[in-house]
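In structure tokens form, the structure reads like this:
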């Protein structure tokens, strides 16, 4: 369990995707998502993607929200404009291909559109979105595709209802908006229950790191109950009050055996390419049997 004082300390953020689409946090999350799905495609057996907080599916980077924040300029747009990624370029290319196919540089795809682009005929995806307007947009973006389904449901209720999937292979992406003060508690408890039901599933948890001690406490607590885990943090400048989000993180439970080595190539390249100033850094840690997962 998370320590009670950590639960109380968790502060709300209201991380709205409309304002932050295509920023450095999206880049890290969606590159890791693409690499994991490409790994799952190595076997002919079908897999399922479950996205608990799916969002609207597609974001207009010229729209008022994204234009107001301008965060995509220091995120995906740098990569599309040819930032030097060195040896990581080949690994990041499938993600950038999906972004271009969605209409970049004007439009940026959310996690469901990226996942949909990487599904094979035998694979399936289920996207949970509670907000009616976002759900309507998501269904338009996904179109008439029998492989995918968008459901109007709370993400944690969906996690409880749809795990384990019938395929017994796949990935759950959990990236809530962190708008509630009990978000970490709900996330931790829901993920723990899902792991007990599907101990072999891959779970990818995203978090915006505003308070490092809270993020560290969450990762330690999750690592204590997960057999295999991989933590990936990316910081693009030294955090400071009043500045935009500067650090983001992923915790991957049961990571594919190739993911850690791939991210050791990718994340340093992203830290260089997406740095906004002094203090850019990254963290990659693993524990248990991380690196040995093979579904």
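In my numbering, the protein residues as written are 342 to 636. Where a beta carbon is used, it is the ideal one built from N, C-alpha and C, also for glycine. Please read all numbers here as calculations on a predicted model, not as lab measurements.
Item: For residue 557, the first and last residue of its enclosing alpha helix (DSSP H); Value: 553 to 566
Item: Residue 361 classed as buried or exposed, judged by whether at least 16 other C-beta atoms fall within 10 angstroms; Value: buried
Item: Supposed close pair residue 455, residue 374 - CB separation, criterion 8 Å; Value: 6 Å
Item: Outcome for residue 487 when other beta-carbon atoms lying within 10 angstroms are tallied against a minimum of 16; Value: exposed
Item: Cβ neighbour criterion (16 or more within 10 Å) applied to residue 595; Value: buried
Item: Per DSSP, cross-strand counterpart(s) of residue 622; Value: 576
Item: Cβ-based burial, residue 583 [other Cβ within 10 Å; buried from 16]; Value: exposed
Item: Exposure of residue 507, with buried meaning 16 or more beta-carbon neighbours within 10 Å; Value: exposed
Item: Where residue 589 sits in the DSSP three-state scheme; Value: strand
Item: DSSP state of residue 691 mapped onto helix, strand, coil; Value: In this structure the chain extends from 342 to 636, so residue 691 is not present and cannot be described.
Item: N-terminal and C-terminal residue of the beta strand (DSSP E) that residue 494 is part of; Value: Neither: residue 494 is in no beta strand (DSSP E) and is coded neither H nor E.
Item: CA-to-CA distance, residue 492 to residue 476, given in whole angstroms; Value: 8 Å
Item: Short Cβ contact (9 Å threshold) for residue 448 with residue 385; Value: no
Item: Own chain residues within Cβ distance below 6 Å of residue 527, not counting five before or after; Value: 497
Item: Whether residue 367 touches residue 416 by CB criterion (9 Å); Value: yes
Item: Residue 349 to residue 573 span [Cα, whole Å]; Value: Because residue 349 carries a pLDDT of 41, less than 50, the predicted location of this residue cannot be relied on, and no value is offered for it.
Item: Start-end ranges of the beta strand (DSSP E) lying completely within the stretch 400 to 486, minimum 3 residues; Value: 448 to 450 and 465 to 469
Item: Rounded separation between residue 612 and residue 530 - CA only; Value: 32 Å
Item: Backbone secondary structure at residue 609 - three-state DSSP; Value: helix
Item: Cβ pair residue 512, residue 378 closer than 9 Å; Value: yes
Item: Three-state secondary structure assigned by DSSP to residue 287; Value: No answer is possible for residue 287: the residues shown for the chain start at 342 and end at 636.
Item: Residue 571 and residue 599 closer than 9 Å at C-beta; Value: no
Item: Residue range of the unbroken beta strand (DSSP E) whose run includes residue 389; Value: 389 to 392
Item: Local conformation of residue 385 per DSSP, three classes; Value: coil
Item: For residue 627: DSSP bridge partner residues; Value: 571
Item: Straight-line Cα distance separating residue 382 from residue 466; Value: 14 Å
Item: Contact under 9 Å by Cβ, residue 514 with residue 547; Value: yes
Item: Exposed unless 16 or more other CB atoms sit within 10 angstroms - verdict on residue 452; Value: buried
Item: Exposed unless 16 or more other CB atoms sit within 10 angstroms - verdict on residue 389; Value: buried
Item: DSSP three-state assignment for residue 533, whether helix, strand or coil; Value: helix
Item: Residues sharing a beta bridge with residue 511, DSSP; Value: 389
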